[in-house]
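Engineer:
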Amino acid sequence: MSQKLIVVVGGTGKQGGSVARTFLNLPTWRVRITTRNPTSQAATELANLGAEVVQADLNDAASIEKAFTNANAIFLNTDYWAVWRPLKAALDAEGKSYESASEKAYETETGQGRRAVDAAAKVPSLERFIFSPLIDVIKASGGKYPRSQHANAKAWIANYIETAHPDLAKKTSLIYLGGYNDNPSLTPRPNEATGRYMFIMPLKNTFRMPIIDPSKSTGKFVRALIEDEQPGTKLLAYDTFPTISEIVSSWSNENGKEADLIPISIQALHEKMGMTWEHLDILSTLDETGDYMAGVEGYIEPQQLKASKI
Ligand SMILES: NC(=O)c1ccc[n+]([C@@H]2O[C@H](COP(=O)([O-])OP(=O)(O)OC[C@H]3O[C@@H](n4cnc5c(N)ncnc54)[C@H](OP(=O)(O)O)[C@@H]3O)[C@@H](O)[C@H]2O)c1
1 MSQKLIVVVG GTGKQGGSVA RTFLNLPTWR VRITTRNPTS QAATELANLG
51 AEVVQADLND AASIEKAFTN ANAIFLNTDY WAVWRPLKAA LDAEGKSYES
101 ASEKAYETET GQGRRAVDAA AKVPSLERFI FSPLIDVIKA SGGKYPRSQH
151 ANAKAWIANY IETAHPDLAK KTSLIYLGGY NDNPSLTPRP NEATGRYMFI
201 MPLKNTFRMP IIDPSKSTGK FVRALIEDEQ PGTKLLAYDT FPTISEIVSS
251 WSNENGKEAD LIPISIQALH EKMGMTWEHL DILSTLDETG DYMAGVEGYI
301 EPQQLKASKI
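For the sequence shown, the positions run 1 to 310 when full-length UniProt numbering is used.
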C-alpha cells in the first residue's frame with residue numbers, strides 16, 4: 001500500500017506527540033517527526049513506534065527545509081515558552097523586569113514560524129498544512145491589551161501564511177486548542193482555614209472555557225482536518241466546553257471535596273500573586289469579550305466535523 005508522509009514539527013511535545021501517535025496508527029500514513037535532540041526519551045519512544053526521527057531546529061531554515069522533503073502533510077506547532085521561560089528566569093535572578101523576555105520570545109517565535117512556513121511553501125508534494133495558533137489578543141482587544149505575545153506571535157504566523165504564501169494558504173487549516181487540562185488555574189488549592197478548596201479565577205462564572213488534553217486529543221482533530229475537512233477550516237478543538245461554574249462543580253463531584261470559586265481581579269493577580277501581563281492580557285481580553293475565540297471568524301467546533309472517526 002502506498003503511504004503518504006506527514007511531518008510533525010514538535011513531535012516530542014504534547015501537541016505534536018499526539019499527532020505523531022495518531023498517524024502512526026493509520027496504515028495509510030508514515031510519520032516523520034522533527035526534534036533538536038533525536039536521542040531524547042520522547043524521540044526514542046516515537047522511533048520505537050515506527051516514526052522516522054530527523055534532527056531539525058526551527059531556528060535553522062536549511063534543517064527545516066530538509067525535514068519537509070516529500071511531505072504530503074505538515075503539522076506545525078511553535079513553542080514560545082521554551083524561549084521565554086529561561087530568559088525570564090535569568091532576568092528575575094538579576095532583579096530585572098521580564099518584558100525584554102517577551103520581546104525576544106516574540107521575535108524568535110515569529111522567526112521560527114516564518115522559516116517553517118517559507119519552507120512548507122516550497123514543498124511540491126504538500127497537500128495539507130496544519131498550524132496551531134492562538135487568538136490575536138491585540139486585534140481582539142482593539143489594542144487595549146498588547147502584552148500576551150505568546151498568542152500574538154502565533155496570530156502573526158497565521159496571518160503570514162495568508163499574506164506571504166497565498167498558494168500555501170489554500171492548503172492550510174488552523175487548529176485552535178482549548179485551554180490545556182493541566183493548566184494550574186484549573187487545579188484548586190486547599191484552604192487550610194476552611195478545609196475547602198479554592199478555584200482562584202478572574203473569569204466570570206458564566207464564561208465558557210474549552211478544555212483539551214493536548215497529549216491525547218490533538219491528533220484525532222488534526223487527522224480530521226487532514227483527511228475529512230476542506231483546507232481553510234479553522235477548528236476550535238476541545239474535549240469539553242464547560243462554564244467556570246461547571247468546572248468547579250465537576251471537580252467537586254469527581255473528587256468528593258467541597259470547592260468554591262474565589263473571584264479575583266486581574267490587577268490583584270498581578271500585584272498579589274505575581275502573574276505577568278504576558279499571561280494576564282489574554283485573560284483580560286477573554287473576560288471582557290466573554291469569548292475564548294475573540295476575534296476569530298468562521299471557525300467550527302468538534303461536533304461540526306464530519307465526525308465518523310472522531
Ligand atoms: N491552547 C492553550 O491553552 C495552550 C496551552 C499551553 C501551551 N500552548 C502553546 O503550545 C506551545 C507548546 O506546545 P506543546 O504544549 O506541545 O509544547 P511542549 O510539550 O513543551 O513541546 C515543545 C515542542 O516544541 C519543540 N521545539 C521547541 N523549540 C524548538 C525549536 N527551536 N525547533 C524545533 N522544535 C522546537 C520541542 O522539540 P525538541 O525539544 O524535541 O526539539 C517539543 O517537541 C506553546 O507555544 C504554547 O503557547 C497553548
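All C-beta atoms, glycine included, are put in the ideal place defined by N, C-alpha and C.
In angstroms with no decimal places, state the Cα-to-Cα distance between E94 and E52.
Structural biologist: Your numbering for residue 94 matches position 94 in the sequence shown. Your numbering for residue 52 matches position 52 in the sequence shown. Taking the straight line from one Cα to the other gives about 42 Å.
Engineer: Rounded to whole angstroms, what is the Cα-Cα separation between I135 and S100?
Structural biologist: Along the sequence shown, read from residue 1 onward, the residue named residue 135 stands at position 135. Along the sequence shown, read from residue 1 onward, the residue named residue 100 stands at position 100. Looking at the two C-alpha atoms, the distance is approximately 22 Å.
Engineer: Is H279 near ligand 1 - that is, is its Cβ less than 8 Å away from at least one heavy atom of it?
Structural biologist: Against the sequence shown, residue 279 aligns to sequence position 279. No.
Engineer: Consult DSSP for Y176 and reduce its assignment to one of helix, strand or coil.
Structural biologist: Within the sequence shown, residue 176 is the residue found at index 176, counting from 1. Residue state, collapsed to three classes: strand.
Engineer: Please list the terminal residues of the continuous alpha helix (DSSP H) segment that includes A73.
Structural biologist: Counted from its first residue, the sequence shown places residue 73 at position 73. Looking at the DSSP string, A73 is not in any alpha helix (DSSP H); the run it does join, the beta strand (DSSP E), is 73–76.
Engineer: Smallest Cα separation from K306: which of S18, D228, E254, E288?
Structural biologist: Translated into positions along the sequence shown, residue 306 becomes position 306. Nearest C-alpha to K306: D228.
Engineer: Going by DSSP, what residues sit across from A193 in a beta bridge?
Structural biologist: Sequence index remark: in the sequence shown, residue 193 carries index 193 (1-based). In DSSP, A193 forms no bridge with anything.
Engineer: D213: beta carbon under 8 Å from a heavy atom of ligand 1?
Structural biologist: Residue mapping note: residue 213 aligns to position 213 of the sequence shown, counting from 1. No; taking the cut-off as 8 Å, the Cβ of D213 has no heavy atom of ligand 1 nearer than that.
Engineer: Are there three or more Cβ pairs, one per stretch, closer than 8 Å when the region 156–176 is compared with the region 127–145?
Structural biologist: Yes: at least three Cβ pairs fall under 8 Å.
Engineer: For the alpha helix (DSSP H) that L225 lies in, which residues bound it at each end?
Structural biologist: For the purposes of this step, residue 225 is taken as the residue at position 225 of the sequence shown. Here the alpha helix (DSSP H) through L225 covers 214–227.
Engineer: Following the continuous beta strand (DSSP E) through I262, name the residue where it begins and the one where it ends.
Structural biologist: Locating residue 262 in the sequence shown gives position 262, counting from the first residue. Where I262 is concerned, the enclosing beta strand (DSSP E) stretches over 259–263.
Engineer: Taking 9 Å as the cut-off, decide whether the C-beta atoms of K272 and I244 are in contact.
Structural biologist: For the purposes of this step, residue 272 is taken as residue 272 along the sequence shown, with counting starting at 1. For the purposes of this step, residue 244 is taken as residue 244 along the sequence shown, with counting starting at 1. Contact: no.
Engineer: Measuring straight from C-alpha to C-alpha, what distance separates M275 and V117?
Structural biologist: Walking along the sequence shown from the start, residue 275 turns up at place 275. Walking along the sequence shown from the start, residue 117 turns up at place 117. M275 and V117: Cα-Cα distance of roughly 32 Å.
Engineer: Three-state secondary structure (DSSP) at Q304?
Structural biologist: Indexing the sequence shown from 1 puts residue 304 at position 304. Q304 falls in the helix class under three-state DSSP.
Engineer: Q112 by DSSP, collapsed to three states: which one?
Structural biologist: Taking the sequence shown and counting its residues from 1, one reaches residue 112 at position 112. Reduced to three states, the DSSP call for Q112 is helix.
Engineer: Say yes only if the C-beta of G16 is nearer than 8 Å to one or more non-hydrogen atoms of ligand 1, and no if none qualify.
Structural biologist: Numbered from its first residue, the sequence shown carries residue 16 at position 16. Checking the Cβ of G16 against ligand 1 gives yes.
Engineer: Count Cβ pairs between the region 97–114 and the region 248–259 that sit closer than 8 Å; are there 3 or more?
Structural biologist: Touching, no.
Engineer: Considering I135, what are the terminal residues of the beta strand (DSSP E) in which it resides?
Structural biologist: Taking the sequence shown and counting its residues from 1, the one referred to as residue 135 is at position 135. Run containing I135: none; DSSP gives neither H nor E here.
Engineer: Any contact of the region 206–216 with the region 287–299, i.e. 3+ C-beta pairs under 8 Å?
Structural biologist: Contact holds: three or more Cβ-Cβ distances are below 8 Å.
Engineer: Helix, strand or coil for R128? Go by DSSP, reduced to three states.
Structural biologist: Indexing the sequence shown from 1 puts residue 128 at position 128. DSSP places R128 in strand when its eight states are reduced to three.
Engineer: With DSSP run on the structure shown, which of helix, strand or coil describes L49?
Structural biologist: One-based indexing of the sequence shown puts residue 49 at position 49. Coil, per DSSP.
Engineer: Is it buried or exposed for I212, if we count other Cβ within 10 angstroms and need 16 for buried?
Structural biologist: Numbered from 1 along the sequence shown, position 212 holds the residue referred to as residue 212. The residue in question, I212, is buried, as its Cβ has 16 or more Cβ neighbours within 10 Å.
Engineer: Q15 and T218: beta carbons closer than 9 Å?
Structural biologist: By 1-based counting over the sequence shown, the position of residue 15 is 15. By 1-based counting over the sequence shown, the position of residue 218 is 218. A contact, by the Cβ cut-off of 9 Å.
Engineer: When DSSP labels each residue in this structure, what does R85 get in the three-state scheme?
Structural biologist: In the sequence shown, residue 85 corresponds to position 85, counting from 1. If DSSP states are grouped into helix, strand and coil, R85 belongs with the helices.
Engineer: By the three-class DSSP mapping on this structure, what secondary structure does R21 have?
Structural biologist: Here residue 21 is taken as the residue at index 21 of the sequence shown, counted from 1. In the structure shown, R21 sits in a helix (DSSP, three-state: H, G or I).
Engineer: Could you name the residues that DSSP lists as bridge partners for L280?
Structural biologist: Numbered from 1 along the sequence shown, position 280 holds the residue referred to as residue 280. Paired residue(s): none; L280 is not in a bridge.
Engineer: Where does N159 land, buried or exposed, given buried means 16+ other C-beta within 10 angstroms?
Structural biologist: Looking up residue 159 in the sequence shown gives position 159. By the neighbour-count rule (16 or more Cβ atoms within 10 Å), N159 is not buried but exposed.
Engineer: State the CB to CB distance for the pair T28 and G11, rounded to an integer number of angstroms; the pair is presumed to be in contact (CB under 8 Å).
Structural biologist: Locating residue 28 in the sequence shown gives position 28, counting from the first residue. Locating residue 11 in the sequence shown gives position 11, counting from the first residue. With a Cβ gap of about 18 Å, T28 and G11 do not count as contacting.
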